[in-house]
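Protein chains in written order, with my numbering: chain A, -16 to 271; chain B, 11 to 338; chain C, 422 to 734; chain D, 13 to 327.
C-beta atoms are modelled at their ideal positions from N, C-alpha and C, and glycine is treated no differently.
The structure appears right after this line, and notes come after that.
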């Protein structure tokens, strides 16, 4: 019976994961959008910028989400936009998390002047409003693609992650199992990778989810100001065009509402997943 | 206390220094020649292009060595010279920004303070009333997940376009000239309400959730348990928990400032509200780089000032920083 | 075998390391072959820091630590690994000593990876089982389990077994039984005595005086990073020379006599605490003289092998 | 005078009930300082806390608690409110963090007292006298907890907890975080509080039996959720009747004992899981004198005045 313990631990995790409604809801919504982002563009009948139908027509059989004021198919834009928005979120979230992990682990494990230095840098970038920097950078870029956008979003979003990971590393570093690895003659890099990082996996997942959500929102805001990808479509860009071409004044709700609702749903699902995972990883938050 | 504020001030000074440097660096070190780019985008006749080029080179100060350009940039900055706008040529950038700032304060101050106040109180209530908790949590998460501009669009469409209760563009009606009268003030407030509400709502969700989580954490802490074991009524325990949960919320306010700025920019764009955000949109559309740079600097300065104010408030409310017991 | 010469450790605190905390100051002592030395002190005495310095877990500020004649601070890479082959440590918290997400026997695998990559799996497993039996564990009971499935006592034995896999000469035992239950404490303590019988030397770091008496031949009393008194255990316990040691001996809850039976120590002395110049104990010392607040006393040999740092002696 | 009868408290977990306290029956006389000893997880803290503050995941299963002739509604968080602090009080294990970090201590005490309907200004002179007694200056009332050292906070909490002269005081592991010298001072203060009548009786929960030898009038030993033995301190040390008590005391190193001369022995094995404990005496597996009868739960019986044991061999 004793031998079965480890299995029990794992099954306990699954038990809580399954029982957690927040996680179930969050993950299902995310899955729906991810599937849509993958499959959606194949269902599209028109080029997103092609003038393919009547101008400013409400949703119909032919144009599921109606058309823009120029007669472009909103659904085509929407399907491609969802894909690019999720891509930016994923890439930007990855980059932000990576840099955060690097800076946090390095400063937290090494300590001393290096940490002091990284800490000051982190604090400075934390204070500077990310969007302002992004606007300046994006404005001067001649060609903006999804990749550059993700890169810049990731590179400005890491500070809080670094701070949180640094604090975690700090508390793990003084644990005795790290000392034990050191007196076994392990190198610092190996200790960080094999002793400290595995203990933060759940935490890193949470950080990534939040970075993901943040990147989606940041990208949407940038696109909305008109600093999005110079080619291609994104959900922010759809809203940008809609507002610029007076969709509000004309009451073209089909042009205005779907992109924002999708962003809200994706980010909301990410947040809810985050809370659910937090409850599972952190037994204190479990409701008995 | 001195140490705490001193350290913060040092960081702010470094931040400002870095921000100005970024502002100076980006047009010079980004790939491509910004001057040709601008001229190409403005797309004038060749003769005019030459004049423009001369002007730009002089304005950027590109004809002197880099270090001198950098020093000149700082010098001009301290003289309040941020260059001349291209979009509203020949108005100085600083004038345009000065005109916009009152609108930003008018929207942001009430939205930040009220959402913070209301969010904290509602969050604290949610921590003890289960029905409120069950409704507040989903609503709160949905609100924080909503992009600022979309909530703005939603409000403008529903309350402005469909219901027709509020205007959806501008700071006041075109038909009225700004002057001090009840009619004008009411008109101002009428235009102000929707942008304010959209900012307020998004922020409110975040504060309420933050407060709810913090207060639950505080109610589980050792001092709460001790008071409970001594039979203290819940009222006092909650009061303490609320007070202590406020502290991280104050720090949170400082951390959220960047996001709030972004929100304000997006909201102003939706409502064509003549604050910095609206200027940024126009600067972007008109390739007005001087104006963008100026806006960037003003945002940084505003955020730093706000951060410092929050620090002072924090020192006043948390005895631990006053006694120099914590470093961060 | 191991000698410390005027070892000092200063921690830098606060922003940019502007504040200093002297954790250990001018500490010199030796550990001989087959000897158990107790390092006794209250919290903040620097006893754990000394253990960490010997294990090279934190850099030394000044002074030298020599192991069999070699300056430990000069070691690096392979030579440091050789040092760890001979000097090992076991720490206070058995549960924190194991990475909670891995099985407990991972600590053995790590030793093999780092020190014996050439040894075959079968031979290695036999060696591990031998070490486990040597510390009184039944291999099938404890192998292939997660740390939380084992008791604190079992985990501490596990770590001793881990050290035994190497050719160790010196074991630094830092408060290794303070978190164990009374019923298993003494067994781990006895294990240390068995190790000594196998030819090991042990530095037994503790805050519990009765444990120090049970296990060690020599004891060192630390107070705020300085050695207050050092000498054969029975002499220190039965005829303490330093007023601090005296106070400790009176305060420790003993099972052979009650506090009331002796004169009550001045309570105030035990409760204040500020940092003066001169002797660090002067502010609490009932025998403090003028010189105590001005100059710091050196460690002097009061009788053969019994050292004390006190102006009153 | 405290009478506890068949008090049973379980912890609710997802796998079922952890039987942390099983049918505890004992009495505590006025003026008695009783030490409650046992290994970690034996239920001593559960017993202590259930007397004042029984909240989930602790579940009241059964039993009666009578204090000074009045039955305590320990299963009812609300009704217990009246008894807490005034009649039963607690010095928690986490005394170092028990004070609100952002309130001045004096103000916190004032608010605490007012909330219980006691006038701060009336009690202030007595509060100051007691601060003197525990060697704290009156200035601490104007300080924040962070300005106090660990030992000072510990004493501050001692004064606060006993300010209303409760009949019963539960002191939970109050010495474990302290240095030897401070530990002694704090223990002596506990005795003095009793001597001066600030509290009638005290339960000291600790894993350090040598402390109990110094200050307790009686010692109650618990094992795996069951009471093993309760007797006056001297009797527990001179003539323990439960094998667990005997082995536990036998395993304690004493100054004057060295391993070369007298090799002490621990208790082999480990306590049973309390999720599904084996029937009968829970010490059975580790007991050197266990026999057939031990599969039945031994009653906790008084074998001589003030000396109760739960062991078939002792009857």
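| Query | Result |
| --- | --- |
| Under DSSP, the beta strand (DSSP E) around residue 244 of chain D begins and ends at which residues? | 238 to 244 |
| Could you check whether the Cβ of residue 128 of chain A sits closer than 8 Å to any Cβ belonging to chain B? | no |
| So does the stretch 19 to 26 of chain D actually touch the stretch 40 to 49 of chain D, counting three or more Cβ pairs closer than 8 Å? | no |
| Just to make sure I have the definition right: I need the residues of chain C whose C-beta is within less than 7 Å of the C-beta of residue 240 of chain D. Which are they? | Within chain C, no residue comes near residue 240 of chain D; the closest Cβ sits about 13 Å away, beyond 7 Å. |
| Grab me the residues of residue 19 of chain B's own chain with a C-beta within less than 7 Å of its C-beta, minus the 5 sequence neighbours each way, in chain order. | none |
| Please return the same chain residues whose Cβ sits closer than 7 Å to the Cβ of residue 2 of chain A, not counting the five positions on each side in sequence. | none |
| Classify residue 17 of chain D as helix, strand or coil using the three-state DSSP reduction. | strand |
| List in chain order: all unbroken beta strand (DSSP E) runs of 3+ residues lying wholly within the stretch -3 to 28 of chain A. | none |
| Which bits of chain A does residue 420 of chain C rub up against, with CB to CB less than 9 Å? | In the structure as shown, chain C begins at 422 and stops at 734. Residue 420 of chain C is therefore absent and cannot be evaluated. |
| With distances taken from CA atoms, which of A/107, A/142, A/239 is nearest residue 78 of chain A? | A/142 |
| Against chain D, with Cβ distances strictly below 8 Å, would residue 262 of chain B count as a contact? | no |
| Does the beta-carbon distance from residue 622 of chain C to residue 580 of chain C come in below 8 Å? | no |
| Return the chain-ordered ranges of every alpha helix (DSSP H) run that is complete within the stretch 490 to 558 of chain C and spans a minimum of 4 residues. | 498 to 507, 527 to 536, 542 to 555 |
| Residues bridged to residue 107 of chain A by DSSP? | In DSSP, residue 107 of chain A forms no bridge with anything. |
| Quick one: which residues of the stretch 180 to 204 of chain A get their C-beta closer than 7 Å to a C-beta of chain C? List them in chain order. | 181, 182 |
| Rounded C-beta distance between residue 176 of chain B and residue 204 of chain B? I'm assuming under 8 Å. | 5 Å |
| What's the gap between the Cα of residue 176 of chain A and the Cα of residue 152 of chain A? | 11 Å |
| Check for me: the beta strand (DSSP E) holding residue 319 of chain D runs from which residue to which? | 319 to 321 |
| Reducing DSSP to helix, strand and coil, say where residue 219 of chain A ends up. | helix |
| Residues of chain C with a CB under 9 Å from the CB of residue 116 of chain D: which are they? | In chain order: nothing, as chain C lies at least about 22 Å away. |
| Quick one: give me the first and last residue of the beta strand (DSSP E) that residue 316 of chain B is part of. | Run containing residue 316 of chain B: none in the beta strand (DSSP E); it sits in the alpha helix (DSSP H), 299 to 327. |
| Tell me the residue span of the alpha helix (DSSP H) that contains residue 92 of chain A. | 57 to 93 |
| When the cut-off is 8 Å and only beta carbons count, does residue 614 of chain C lie next to chain D? | yes |
| Taking the straight line between their C-alpha atoms, what separation do you get for residue 49 of chain A and residue 56 of chain A? | 6 Å |
| For the pair the stretch 297 to 313 of chain B and the stretch 222 to 242 of chain A, tell me if three or more CB-CB distances fall below 8 Å. | no |
| Do residue 250 of chain A and residue 196 of chain A count as a contact pair if the criterion is CB distance below 8 Å? | yes |
| Take residue 246 of chain A as the anchor and find which of B/331, B/155, B/238, B/304 has the nearest alpha-carbon. | B/155 |
| Straight-line CA distance for residue 216 of chain D to residue 286 of chain D? | 23 Å |
| Using a Cβ cut-off of 7 Å, pull out every chain C residue sitting near residue 279 of chain D, in sequence order please. | 604 |
| Which residue marks the beginning of the alpha helix (DSSP H) containing residue 576 of chain C, and which one marks its end? | 573 to 585 |
| Helix, strand or coil for residue 267 of chain D? Go by DSSP, reduced to three states. | coil |
| Any idea what DSSP makes of residue 654 of chain C, helix, strand or coil? | helix |
| Reducing DSSP to helix, strand and coil, say where residue 446 of chain C ends up. | strand |
| Can you list, in chain order, the residues of its chain whose CB lies under 8 Å from that of residue 108 of chain D, leaving out five sequence neighbours each side? | 162, 165, 166, 189 |
| How big is the Cα-Cα spacing for residue 560 of chain C and residue 612 of chain C? | 17 Å |
| Using the three-state DSSP reduction, which class does residue 733 of chain C fall into: helix, strand or coil? | coil |
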